[in-house]
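Trainee:
There are 2 protein chains.
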Amino acid sequence: MKSLSIKDIAVKANVSITTVSFIINGKAKEKSISEAVIEKVEKIIEESGYKPNQIARSLRTGNSNIIGLIIEDISNSFFSRIARLIEDKAYKKGYKIIYSSTENSIDKAKELINMFKSRKVDAYIISPIKGIEEDIQMLLDDGNPVILFDRNLPEISASYVGADHFNASYESIQHFIDQGKKNIALVTTDINVEQIIERYDGYKKALEDNGIKYDENLVLKIHFNQEESETIAQIKELFENKKIDAVLFATNYLAISGLKVLKKINKKIGDDFAVIAYDDHEAFELHTPRISTVQQPLEEIAENVIKLILKQLSTKTKVENQEIIIPAKLIIRN
Amino acid sequence: MKSLSIKDIAVKANVSITTVSFIINGKAKEKSISEAVIEKVEKIIEESGYKPNQIARSLRTGNSNIIGLIIEDISNSFFSRIARLIEDKAYKKGYKIIYSSTENSIDKAKELINMFKSRKVDAYIISPIKGIEEDIQMLLDDGNPVILFDRNLPEISASYVGADHFNASYESIQHFIDQGKKNIALVTTDINVEQIIERYDGYKKALEDNGIKYDENLVLKIHFNQEESETIAQIKELFENKKIDAVLFATNYLAISGLKVLKKINKKIGDDFAVIAYDDHEAFELHTPRISTVQQPLEEIAENVIKLILKQLSTKTKVENQEIIIPAKLIIRN
DNA sequence: CTGAACTAGTAAAACGTTTTACTAGCTCAA
DNA sequence: TTGAGCTAGTAAAACGTTTTACTAGTTCAG
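Shown next as structure tokens:
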């Protein structure tokens with residue numbers, strides 16, 4: 000069944016298309032359409048269930064009321080929670096989200112950007128990876144609102160919202176040291192993004208400031224999209240063959256793998272072995288013993304992302320770029 | 000900066016818009032465009048980085064290459080994992096996903112359907128709630144491909160993909176009984192959807208078949224969008240005041256709350272108290288002791304959803320509705 | 001040498017909106 | 001009495017494609 004068009008409404012109401020359009024868009028008053036006509040048309044719209052074709056509208060106006068969200072993986076709870084918060088807030092302002100996962104692939108990320116571009120999304124929210132700087136720069140050059148989050152790209156001057164990874168990591172290590180730990184491991188990924196590097200830098204700096212020698216054997220860089228079984232094997236090897244009394248996991252899924260290893264080799268978390276995980280996860284609170292964690296302020300991140308987006312969307316003029324760094328919280332659980 | 004249009008390409012190549020369009024759409028051969036022209040135009044497109052405007056294309060052709068996904072909550076790991084799998088498979092076929100969460104609100108669900116409709120999505124994948132039957136029926140009447148998943152709506156004859164909730168629940172209870180359990184509780188939600196009802200029916204039938212009297216005091220129906228603290232209080236009340244030796248949680252988030260309660264009141268899972276959770280969650284494998292779970296075959300569900308969608312999209316003619324029920328797996332962990 | 005069939009393309013309509021520029025009739029102050 | 005300003009609208013262009021129907025020239029069988 001063909002759906003109704005504005006023309007059908009116009010014919011039914013015996014007025015011009017223009018008039019109907021003005022009424023739909025709330026410009027009736029300003030364009031001096033009489034009350035009687037407004038009522039008549041509105042009634043017909045109501046009764047017929049007519050809904051304007053957004054595609055035609057987009058084509059004409061050049062904006063889509065859609066915000067593109069590009070993330071690493073929607074099934075990662077960090078991203079899915081952020082996505083939900085962003086969706087909620089965007090929805091309230093009449094924007095819809097169209098998302099896609101990059102899986103850390105540069106090609107896929109580039110493709111997604113092009114896809115969104117040809118779909119004329121109104122704004123881009125991107126958790127970027129290295130290697131797509133050029134593409135993002137093009138978006139910016141074309142005057143598109145772009146907000147980076149979670150990971151920054153230093154070469155790009157776009158607005159950015161993210162947690163203070165360096166300090167969170169630093170504090171975690173400091174906490175270990177305050178507890179008397181000496182052999183502190185870091186399990187991180189080899190993916191070359193700012194936020195991971197900052198976590199690494201925080202680790203290193205904290206050791207250094209406390210006069211503990213950095214030992215590269217205690218840093219395990221996991222290849223970012225390998226099978227979990229391999230990850231587990233590598234962590235197992237680290238835990239079994241190195242003298243370690245504390246470990247910081249740089250992401251929640253690494254921590255999950257790490258906890259599986261501990262279970263497997265029957266190593267207990269306790270006075271002589273401490274663990275902190277980056278990014279909270281339901282499993283951590285339930286784990287016995289409970290796992291300490293660095294909590295990113297998801298709500299605040301989402302809030303700020305949307306705030307920046309809306310600001311950019313509402314003013315035609317280029318807005319000053321802003322970098323919003325929000326402290327992360329170290330939650331100590333025992 | 001204005002982006003390029005097909006017209007710009009046509010002018011540069013000194014051919015007509017039509018010719019360019021034919022080339023873009025791979026119809027050059029069939030429309031007998033010469034090899035020389037094809038090459039020239041393709042070169043210009045390549046060099047200029049021209050990408051067709053999908054909005055104009057959608058307006059003209061009437062399809063968008065977008066699939067609308069309506070779920071309860073993207074931040075629930077069951078849905079985010081399904082979403083990811085669906086996204087992957089759809090992406091390979093050139094479709095993008097636009098999703099939204101209903102939060103179990105009928106109004107929001109209706110609104111979302113309208114939104115997707117006015118965006119002319121090519122197909123709808125919906126995890127529905129009661130109360131939107133009419134709206135879904137309208138989509139079907141208009142000839143839109145619609146696949147329901149996870150939850151069926153008995154009054155609607157659309158294609159459906161989901162797990163066999165009744166049997167999974169039945170088997171879980173049977174397992175408890177085989178272990179000698181007598182006082183088996185069910186913690187479920189009061190949300191009125193097929194899949195939850197089936198889980199309840201399976202619980203009841205298993206008790207009945209084993210000659211155990213159904214006791215409504217052992218069934219706790221949690222209001223679906225209340226604060227977690229209240230949920231915890233209600234479960235605590237159940238665990239403390241009723242004689243229970245086993246409990247089945249009808250969703251993973253209820254199980255998470257339940258496990259928190261057990262931790263709080265220091266009740267141990269073991270020989271005299273058994274737990275099974277519906278829908279797996281990373282926390283369950285890591286929990287001490289590990290939590291047995293009913294695993295839904297996510298991959299298979301996503302696979303079948305996409306298969307049905309693609310089948311409907313590829314044939315213009317109405318496809319026979321299909322109901323695909325996939326067995327769920329009871330994973331016993333100790 | 002004719003005209004059917006093929007080659008290589010093109011002009012223009014259509015998709016459903018928004019928006020600009022216009023009109024015809026009226027009022028009313030100078 | 002005139003013309004500026006208001007009222008209540010409308011016609012048509014434009015957004016960027018796809019697609020239908022057309023053409024002008026060439027080939028080649030009969």
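Read top to bottom, the protein sequences are chains X and V.
Heads up, the first sequence stops at 333 in numbering that gives the first Met the number 0, and the numbers go up one at a time, no gaps.
Heads up, the second sequence stops at 333 in numbering that gives the first Met the number 0, and the numbers go up one at a time, no gaps.
Just so it is clear, CB atoms sit at the ideal spot from N, CA and C, and this is done for glycine as well.
The structure presented is a predicted model; accordingly, all values stated were derived computationally and were not measured.
1) Less than 7 Å between the CB of S57 (chain V) and some heavy atom of the ligand HEM, yes or no?
2) Which residues, taken in chain order from the stretch 79 to 101 of chain V, show a beta carbon closer than 9 Å to some beta carbon of chain X?
3) Please list the residues of the stretch 40 to 70 of chain V that have a C-beta atom closer than 8 Å to any C-beta atom in chain X, keeping them in chain order.
4) Could you give the distance in angstroms between the alpha-carbon of V218 (chain V) and the alpha-carbon of E319 (chain X)?
5) Let me make sure I understand the geometry here. Which of X:S256, X:V145, X:N13 has the alpha-carbon closest to that of Y277 (chain X)?
6) Hey, I65 (chain V) and Y98 (chain V): beta-carbon distance below 8 Å or not?
7) Return the chain-ordered ranges of every alpha helix (DSSP H) run that is complete within the stretch 59 to 127 of chain X and spans a minimum of 4 residues.
8) State the Cα-Cα distance for the pair M137 (chain X) and N75 (chain V), rounded to the nearest angstrom.
9) Measuring only between beta-carbons, confirm whether N113 (chain X) sits less than 8 Å from chain V.
10) In the stretch 272 to 314 of chain V, which residue ranges form an unbroken alpha helix (DSSP H) of at least 4 residues, counting only runs that do not cross its ends?
11) Would the beta-carbon of A55 (chain X) fall within 8 Å of that of L68 (chain X)?
12) Which residues in the same chain as V260 (chain V) place their Cβ atom closer than 7 Å to its Cβ, once the five residues preceding and following it in sequence are excluded?
13) Find the residues of chain V that neighbour H286 (chain X), judging by a C-beta separation of less than 8 Å, and give them in chain order.
14) Output needed for A9 (chain V): all residues of its chain with C-beta closer than 8 Å, excluding positions within five of it in sequence on either side, in chain order.
15) Could you tell me the distance, in whole angstroms, from the CA atom of D271 (chain V) to the CA atom of Y90 (chain X)?
16) Since V192 (chain X) sits in a beta bridge, which residues does DSSP pair it with?
17) State the Cα-Cα distance for the pair I135 (chain X) and L152 (chain X), rounded to the nearest angstrom.
18) With 8 Å as the C-beta to C-beta threshold (strictly closer), list the residues of the stretch 250 to 263 of chain V near chain X in chain order.
19) Express the C-alpha separation of G48 (chain X) and E197 (chain V) in angstroms, rounding to a whole number.
20) Do L247 (chain X) and S168 (chain X) have their beta-carbon atoms positioned less than 8 Å apart in this structure?
21) Rank X:A327, X:I331, X:N333 by C-alpha distance to the C-alpha of A162 (chain X) and give the top, closest one.
22) Mapping DSSP to helix, strand and coil, what is Y169 (chain V)?
23) Shortest alpha-carbon distance to R332 (chain V) belongs to which of V:T292, V:K28, V:I323?
24) Give me the Cα-Cα distance between S156 (chain X) and K39 (chain V), rounded to the nearest whole angstrom.
25) Using a Cβ-Cβ distance cut-off of 8 Å, determine whether D7 (chain X) contacts chain V.
26) Within the same chain, show all residues whose beta-carbon is closer than 7 Å to that of S57 (chain V), passing over the 5 residues directly before and after it, in chain order.
27) Taking only beta-carbon atoms, is R198 (chain V) less than 8 Å away from chain X?
28) To the nearest angstrom, report how far apart Y94 (chain X) and P51 (chain X) are at their CA atoms.
29) Give me the subset of the stretch 199 to 215 of chain X whose CB atoms are less than 8 Å from a CB atom of chain V, sorted by chain position.
30) Assign G201 (chain V) to one of two classes, buried (16 or more other C-beta atoms within 10 Å of its C-beta) or exposed (fewer than that).
31) Below 8 Å on C-beta distance, what does D72 (chain V) contact in chain X?
32) For S117 (chain X), go through chain V and note every residue whose CB falls closer than 7 Å to its CB, in chain order.
33) Just to confirm my understanding: we take N191 (chain V), look at its own chain, exclude 5 residues before and 5 after, and list those with CB closer than 6 Å. What are they?
34) Can you give the Cα-Cα distance for I183 (chain X) and A273 (chain X), rounded to whole angstroms?
35) So the candidates are X:I325, X:D140, X:S4; which of them puts its Cα closest to the Cα of S117 (chain V)?
36) So what's G48 (chain X) in DSSP terms, helix, strand or just coil?
Mentor: Taking the coordinates as given:
1) The model on display carries no ligand, and the ligand HEM is accordingly not part of it.
2) Under the 9 Å Cβ criterion, the stretch 79 to 101 of chain V contributes S79, R80, I81, A82, R83, L84, E86, D87, Y90, K95, I96, I97, Y98, S99, S100.
3) Within the stretch 40 to 70 of chain V, contact with chain X at the beta-carbon level (separation under 8 Å) is assigned to K50, P51, N52, Q53, I54, A55, S57, L58, S63, I65.
4) Walking along the second sequence from the start, residue 218 (chain V) turns up at place 219. Walking along the first sequence from the start, residue 319 (chain X) turns up at place 320. C-alpha separation (whole angstroms): 57 Å.
5) The residue labelled residue 277 (chain X) in the question sits at position 278 within the first sequence. Per the Cα distances, X:S256.
6) For the purposes of this step, residue 65 (chain V) is taken as the residue at position 66 of the second sequence. For the purposes of this step, residue 98 (chain V) is taken as the residue at position 99 of the second sequence. Here I65 (chain V) is not near Y98 (chain V), since their CB atoms are 8 Å or more apart.
7) Runs of the alpha helix (DSSP H) inside the stretch 59 to 127 of chain X: 76 to 91, 105 to 117.
8) Taking the first residue of the first sequence as 1, we reach residue 137 (chain X) at position 138. Taking the first residue of the second sequence as 1, we reach residue 75 (chain V) at position 76. If you take the alpha carbons of M137 (chain X) and N75 (chain V), they lie about 35 Å apart.
9) Here the question's residue 113 (chain X) lines up with position 114 in the first sequence. It does; some Cβ of chain V falls within 8 Å.
10) Those alpha helix (DSSP H) runs which fall completely within the stretch 272 to 314 of chain V and span 4+ residues are 281 to 285, 297 to 313.
11) Within the first sequence, residue 55 (chain X) is the residue found at index 56, counting from 1. Within the first sequence, residue 68 (chain X) is the residue found at index 69, counting from 1. Judged by their CB atoms, A55 (chain X) and L68 (chain X) are not nearer to each other than the 8 Å cut-off.
12) One-based indexing of the second sequence puts residue 260 (chain V) at position 261. Within the same chain, V260 (chain V) has close Cβ partners I231, I234, K235, F238.
13) Taking the first sequence and counting its residues from 1, one reaches residue 286 (chain X) at position 287. Residues of chain V whose Cβ lies closer than 8 Å to the Cβ of H286 (chain X) are, in chain order, A282, L285, H286, T287.
14) For the purposes of this step, residue 9 (chain V) is taken as the residue at position 10 of the second sequence. Excluding the 5 residues flanking it on each side, A9 (chain V) has same chain C-beta neighbours closer than 8 Å at S15, I16, T18, V19, in chain order.
15) Within the second sequence, residue 271 (chain V) is the residue found at index 272, counting from 1. Within the first sequence, residue 90 (chain X) is the residue found at index 91, counting from 1. Straight-line Cα distance between these residues: approximately 48 Å.
16) On the first sequence, residue 192 (chain X) is found 193 positions in, with the first residue counted as 1. Residue pairing from DSSP leaves V192 (chain X) without any beta-bridge partner.
17) Reading the first sequence from its first residue, position 136 is the one you call residue 135 (chain X). Reading the first sequence from its first residue, position 153 is the one you call residue 152 (chain X). In this structure, the straight-line span from the alpha carbon of I135 (chain X) to that of L152 (chain X) is close to 10 Å.
18) Of all residues in the stretch 250 to 263 of chain V, only I255, L258, K259, K262 place a beta-carbon less than 8 Å from a beta-carbon of chain X.
19) Start at 1 with the first residue of the second sequence, and residue 197 (chain V) comes out as number 198. Start at 1 with the first residue of the first sequence, and residue 48 (chain X) comes out as number 49. Taking the straight line from one Cα to the other gives about 36 Å.
20) For the purposes of this step, residue 168 (chain X) is taken as the residue at position 169 of the first sequence. For the purposes of this step, residue 247 (chain X) is taken as the residue at position 248 of the first sequence. It is a contact, given that the beta carbons lie within the stated cut-off.
21) For the purposes of this step, residue 162 (chain X) is identified with residue 163 of the first sequence, where counting begins at 1. Of X:A327, X:I331, X:N333, the residue nearest in Cα terms is X:A327.
22) As a working mapping, residue 169 (chain V) is identified with position 170 in the second sequence. If DSSP states are grouped into helix, strand and coil, Y169 (chain V) belongs with the helices.
23) Along the second sequence, read from residue 1 onward, the residue named residue 332 (chain V) stands at position 333. Check the Cα spacing between R332 (chain V) and each of V:T292, V:K28, V:I323: the tightest is with V:T292.
24) As a first step, residue 156 (chain X) must be located in the first sequence, where it is residue number 157. As a first step, residue 39 (chain V) must be located in the second sequence, where it is residue number 40. CA-CA distance, S156 (chain X) to K39 (chain V), rounds to 37 Å.
25) Locating residue 7 (chain X) in the first sequence gives position 8, counting from the first residue. Answer no: the Cβ-Cβ gap between D7 (chain X) and chain V never drops below 8 Å.
26) What you label residue 57 (chain V) is simply residue 58 of the second sequence in a count that begins at 1. S63, K119.
27) Residue 198 (chain V) sits at position 199 when you count from the first residue of the second sequence. No, R198 (chain V) lies away from the interface with chain X (no Cβ there is under 8 Å from its Cβ).
28) Working through the first sequence from its first residue, we reach residue 94 (chain X) at position 95. Working through the first sequence from its first residue, we reach residue 51 (chain X) at position 52. The alpha-carbon atoms of Y94 (chain X) and P51 (chain X) are separated by roughly 16 Å.
29) Here the close residues number zero.
30) The count along the second sequence starts at 1 and reaches residue 201 (chain V) at position 202. G201 (chain V) should be labelled buried.
31) The count along the second sequence starts at 1 and reaches residue 72 (chain V) at position 73. The contacting residues are R83.
32) Looking up residue 117 (chain X) in the first sequence gives position 118. Result: K50, P51, N52, Q53.
33) As a position in the second sequence, residue 191 (chain V) is number 192, starting the count at 1. Closer than 6 Å at Cβ, skipping near neighbours: K129.
34) As a position in the first sequence, residue 183 (chain X) is number 184, starting the count at 1. As a position in the first sequence, residue 273 (chain X) is number 274, starting the count at 1. Taking the straight line from one Cα to the other gives about 9 Å.
35) Locating residue 117 (chain V) in the second sequence gives position 118, where the first residue counts as 1. Nearest Cα to S117 (chain V) within the set X:I325, X:D140, X:S4: X:S4.
36) Here residue 48 (chain X) corresponds to residue number 49 of the first sequence, with the count starting at 1. Three-state result, G48 (chain X): coil.
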